[in-house]
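Using our numbering, you'd call the opening residue of the sequence shown number 41 and step up by one each time.
For reference, the structure discussed in these notes is given below.
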Amino acid sequence: MKKVLLLIITLTLIAFYFSSISAEKPGQAFRADYDGLAMTPPMGWYPWNTFGQEPQNEKLIKEMVEALISSGMREAGYLYVGPDEGICYYRASDGKLTTNLERYPSGLRGLGDYIHQRGLKYALYTDAGTLTCSKAMPGTKGHEFEDMRQFAEWRTDYLKIDWCNTKGQDIVQTYTLLNEAQRAAGRPLVHSLCSWGVGEPWKWAAAVGHLWRTTGDICEPGKADWNSAMKIVFANEKLYEYAGPGHWNDPDMMIVGMPGLSEAQNRSLFSLWCMMAAPLIAGNDLRQMSESTRQILTNIEVIAIDQDPLGIQGHIIRQEGQISIWGQKKLFDGSQAVLIFNQNNSPSQVTISWDELGFSRAASLYVRDLWKHQTTGPITRGLSVTVPPNDVIMLRLSRSKDFPLPPIISADTYLISLHSKSSKPEKLSASLTIHNVGTVDLPLWKVQGPLPPWLSVKITKKGKNQIITSQINTAGLSPGYYHTIVRLDNTEPISKRPMSAFYYEVELEVK
Ligand code: GLA
41 MKKVLLLIIT LTLIAFYFSS ISAEKPGQAF RADYDGLAMT PPMGWYPWNT FGQEPQNEKL
101 IKEMVEALIS SGMREAGYLY VGPDEGICYY RASDGKLTTN LERYPSGLRG LGDYIHQRGL
161 KYALYTDAGT LTCSKAMPGT KGHEFEDMRQ FAEWRTDYLK IDWCNTKGQD IVQTYTLLNE
221 AQRAAGRPLV HSLCSWGVGE PWKWAAAVGH LWRTTGDICE PGKADWNSAM KIVFANEKLY
281 EYAGPGHWND PDMMIVGMPG LSEAQNRSLF SLWCMMAAPL IAGNDLRQMS ESTRQILTNI
341 EVIAIDQDPL GIQGHIIRQE GQISIWGQKK LFDGSQAVLI FNQNNSPSQV TISWDELGFS
401 RAASLYVRDL WKHQTTGPIT RGLSVTVPPN DVIMLRLSRS KDFPLPPIIS ADTYLISLHS
461 KSSKPEKLSA SLTIHNVGTV DLPLWKVQGP LPPWLSVKIT KKGKNQIITS QINTAGLSPG
521 YYHTIVRLDN TEPISKRPMS AFYYEVELEV K
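In structure tokens:
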């Protein structure tokens, strides 16, 4: 009898352990289930941390677009870019949101087209209350459906929705209504909730959005604050169970590369964000970043940890004084990422053992240093490292010495724009290329859903890249303007996890 009781207790404990390592419940709703967006943490650049609202304008955003391309950041996966609270629109007397043309002379749609043409996606900002935080711009309260239609017309791909001036509003109801309004507007869009942890969004927001801020702002504009960043890290770390593909904890935009931070701090912050599968939204001035910052932000081996298709948020497995050892970040190929963070002002020696990471002590593991780009091993039992002061060592451990990189994709454009030359039927075509800097070869992307009768899409491979050709036949089309959004899916890459859906615009003018 005693034995049976012991068995029941043991089984119950095991069941409890497995149910508690993931907060995802069977049947839990995820917004990403229908739009396929943000299956890995969103990456991009947002102006707030460096600029606040004053110098934000079209010229600045376009310069950042060019810097994202010339620095290699676009190729490394940074995608979403646009104004934050940058006084870019106002509410006109007819109730519609209207571009502030003084700051954005091409109009917010014009800026979106520019961003799409340059192979990036368009991010905008709004608020769930009556006004944005500085009260300089209107919020969506009472205008949810018309505002979401306007954001769709501007061709927004990513919308950050702040939580200022929301007195008396129920947070779940408000963001749920905004999600309904986004669906009704018909444009797929990454919904970034920004309530700074208010209302514990990690418990409910996966059904209505793709990421949610877990804490207050990382800094005042222009003033990188290391201590505040550290508070955020340790608060966000605790929420690891709630993150996964299509639903992420967001510890805020990064301060990597902002004045006042050392190279070691930049490297540490970036490693921590990647270990936590956090959205990688850079916040520094990309036009004048140092080579060291550029190399940190584009370290593809570290980005690969963040962008791993399993989408697991790593967490602290051991803390000793000012040293934290981060693990439990299993990766798609069976390897694991480990981060050792030394907050002491002196070098510290740290020993890690394979069994505390979930490997057997006897496992023979190759060790890849993700900052030095060196592989050692195979090693059994564990290893000892010296971590420099206020710095990190980031490793990947694997039974094989391959260390494959998951797909990390970018495109040379997201906007195909074609014009017929005469009223006679014409066949037109234009291509875009999807690049993959990961080492894993992707199966062909597949068109999802019906295309309009005037459009067909052909997909071919060219090395690791894929060419997407949009073919248009204008026969039978009346003169006018046509637009559609094409969705491509890649549901069975080598990782067995779906990639984020790839959406691009096709527009056609028929004479
Ligand atoms: C809030 C957000 C910030 C930024 C500002 C704009 O504080 O958390 O990220 O968007 O609003 O006012």
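Glycine is no exception: its CB is placed at the ideal position from the N, C-alpha and C atoms.
Between the CA atoms of residue j and residue i - distance to the nearest angstrom
i: V296; j: G226; result: 35 Å
i: E545; j: P81; result: 22 Å
i: G284; j: R401; result: 29 Å
i: I127; j: A72; result: 30 Å
i: I336; j: D346; result: 13 Å
i: S393; j: L350; result: 24 Å
i: G489; j: I448; result: 24 Å
i: K136; j: W411; result: 49 Å
i: A318; j: E466; result: 47 Å
i: S232; j: R158; result: 23 Å
i: N530; j: M294; result: 29 Å
i: G422; j: Q362; result: 21 Å
i: Q383; j: I365; result: 11 Å
i: D481; j: K161; result: 24 Å
i: A176; j: L528; result: 38 Å
i: H523; j: T254; result: 37 Å
i: E396; j: I258; result: 32 Å
i: T479; j: P446; result: 6 Å
i: V121; j: G84; result: 6 Å
i: V238; j: K502; result: 47 Å
i: A40; j: I419; result: Limits of the chain in this structure are 41 at one end and 551 at the other, which puts residue 40 out of reach.
i: P228; j: F70; result: 14 Å
i: E341; j: G208; result: 46 Å
i: L279; j: L119; result: 25 Å
i: F150; j: M104; result: Correcting the residue identity first, residue 150 is Gly in this sequence and not Phe. Roughly 16 Å separates the two Cα atoms.
i: C234; j: D348; result: 24 Å
i: S174; j: L148; result: 20 Å
i: G92; j: K461; result: 45 Å
i: A116; j: G323; result: 16 Å
With 16 other Cβ atoms within 10 Å as the buried cut-off, status of residue i
i: G520; result: exposed
i: I507; result: exposed
i: L484; result: exposed
i: K200; result: buried
i: K498; result: exposed
i: L548; result: buried
i: R358; result: exposed
i: E532; result: exposed
i: Q353; result: buried
i: S535; result: buried
i: N97; result: buried
i: P291; result: buried
i: A224; result: exposed
i: F274; result: exposed
i: R334; result: buried
Residue i CB to nearest heavy atom of ligand 1 below 7 Å
i: D257; result: yes
i: K244; result: What sits at residue 244 in the sequence shown is Trp, not Lys. Because no heavy atom of ligand 1 lies under 7 Å away, the Cβ of W244 does not count as near it: no.
i: C234; result: yes
i: E142; result: no
i: D210; result: no
i: E94; result: no
i: T180; result: no
i: W88; result: yes
i: E125; result: yes
i: Y280; result: no
i: D202; result: yes
i: T206; result: no
i: S268; result: no
i: S404; result: no
i: T415; result: no
i: Y165; result: yes
i: T172; result: yes
Beta bridge counterpart(s) of residue i as assigned by DSSP
i: V477; result: According to DSSP, V477 bridges with nothing at all.
i: F542; result: L528
i: P178; result: L171
i: G367; result: H355
i: V594; result: There is no way to answer for residue 594, as the model of the chain reaches only from 41 to 551.
i: M83; result: L320
i: E547; result: S457 and H523
i: G262; result: BP columns for G262 are empty, so no partner.
i: R71; result: According to DSSP, which records beta bridges pairwise, R71 is partnered with nothing at all.
i: Y378; result: One point to set straight first is that residue 378 is Val, not Tyr, in the sequence displayed. DSSP output for V378 lists L435 as bridge partner(s).
i: G422; result: S393
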